[in-house]
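Novice: Numbering (mature numbering (1 follows the signal peptide of the UniProt record, and there is no 0)), first residue to last: -25 to -1, 1 to 159.
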Amino acid sequence: MFTRILAAGAAAATLAVALSAAAVAHGDNNAQVGPIEIGHAWARATPPMAPAGGGFLELKNTGTTADALIAAKADVSERTELHTHIKDGDVMKMRQVERVEIPAGGEVALQPGSFHVMFIGLKKPLAAGESFPVTLTFEKAGSVTVPMKVNAIGTMTYDGAMGGGSGQGGMQHGSMQHGQKSAN
């Protein structure tokens, strides 16, 4: 009888730990919360007096229901906002957005020249080689904290490729839709 009680208690404890670990951080700047997988989180290093910096990452929704990234928070800045670039005539302008939609079964890349996380009012420069935690909040899946590595100034990708004439810096895009909805 005592053995059964211990076994039942151990099973209940294991289940409680599994359920409380809904947001799981993985190595290599990857994490998951519910059906949302987060990968390749990185930011660009900033010059000494820069007032702001940008962060980038990849989002994949493995679920059957659409979700949205609705907030980001980091202690490296006074404010953290979600932004995108829009073309106004011949000028690209940055604009804050309330949400970044992630369709069911779809992927979205937050990358230079598209959606990104904006760190406004930097408390100190973002230095290459360092990393810092960023908490991402999704409308349905909840929140998860991911490490964001800092690459050199001018970097265009997670792997550290520098910018080129195409603005893509040699990034291997795979099936990412780069801020656009995917029906896959």
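Cβ coordinates follow ideal geometry from the N, Cα and C atoms, glycine included.
Assuming the contact rule is C-beta atoms closer than 8 Å, SER52 and ILE95 should be a hit. Round their C-beta distance to whole Å, please.
Specialist: 6 Å
Novice: With PHE113 as the anchor, note down where its beta strand (DSSP E) starts and where it stops.
Specialist: Counted as a single uninterrupted DSSP element, the beta strand (DSSP E) harbouring PHE113 occupies residues 106 to 113.
Novice: Check whether the stretch 51 to 70 touches the stretch 35 to 42, taking contact to mean three or more Cβ pairs, one atom from each stretch, closer than 8 Å.
Specialist: no
Novice: Since VAL92 and LEU85 are thought to touch, with beta carbons under 8 Å apart, how far apart are those beta carbons, to the nearest angstrom?
Specialist: 6 Å
Novice: Thinking THR110 and LYS48 are a contact (beta carbons under 8 Å), I'd like their distance in whole angstroms, please.
Specialist: With 8 Å as the limit, THR110 and LYS48 qualify as a contact, their Cβ atoms being about 5 Å apart.
Novice: Go through its chain and collect everything with a Cβ distance to ARG74's Cβ below 6 Å, but skip five positions before and after it.
Specialist: ALA43, ILE45
Novice: Can you find the residues in the same chain that come closer than 7 Å, C-beta to C-beta, to ALA27, ignoring five residues on each side of it along the sequence?
Specialist: MET93, PHE94, ILE95, LEU97
Novice: Between the alpha carbons of PRO122 and PHE107, how many angstroms are there, rounded?
Specialist: 6 Å
Novice: Taking 8 Å as the cut-off, decide whether the C-beta atoms of ALA79 and ASN36 are in contact.
Specialist: yes
Novice: Restricting to Cα atoms, I'd like to know which of ILE13, GLY29, ASN126, LEU34 is closest to GLN71.
Specialist: GLY29
Novice: Name the two residues that bound the continuous beta strand (DSSP E) containing LEU101.
Specialist: Taken as a continuous stretch (DSSP letters only), LEU101 belongs to no beta strand (DSSP E), as it is neither H nor E.
Novice: Exposed or buried, which one is MET24 when buried takes at least 16 other CB atoms within 10 Å?
Specialist: exposed
Novice: Count the other CB atoms, across all protein chains shown, that sit within 10 Å of the CB of GLY129; report buried if there are 16 or more and exposed otherwise.
Specialist: exposed
Novice: Between SER118 and the rest of its own chain, which residues show a CB-CB distance below 6 Å, the 5 nearest in sequence each way excluded?
Specialist: Contacts found: THR110, THR112.
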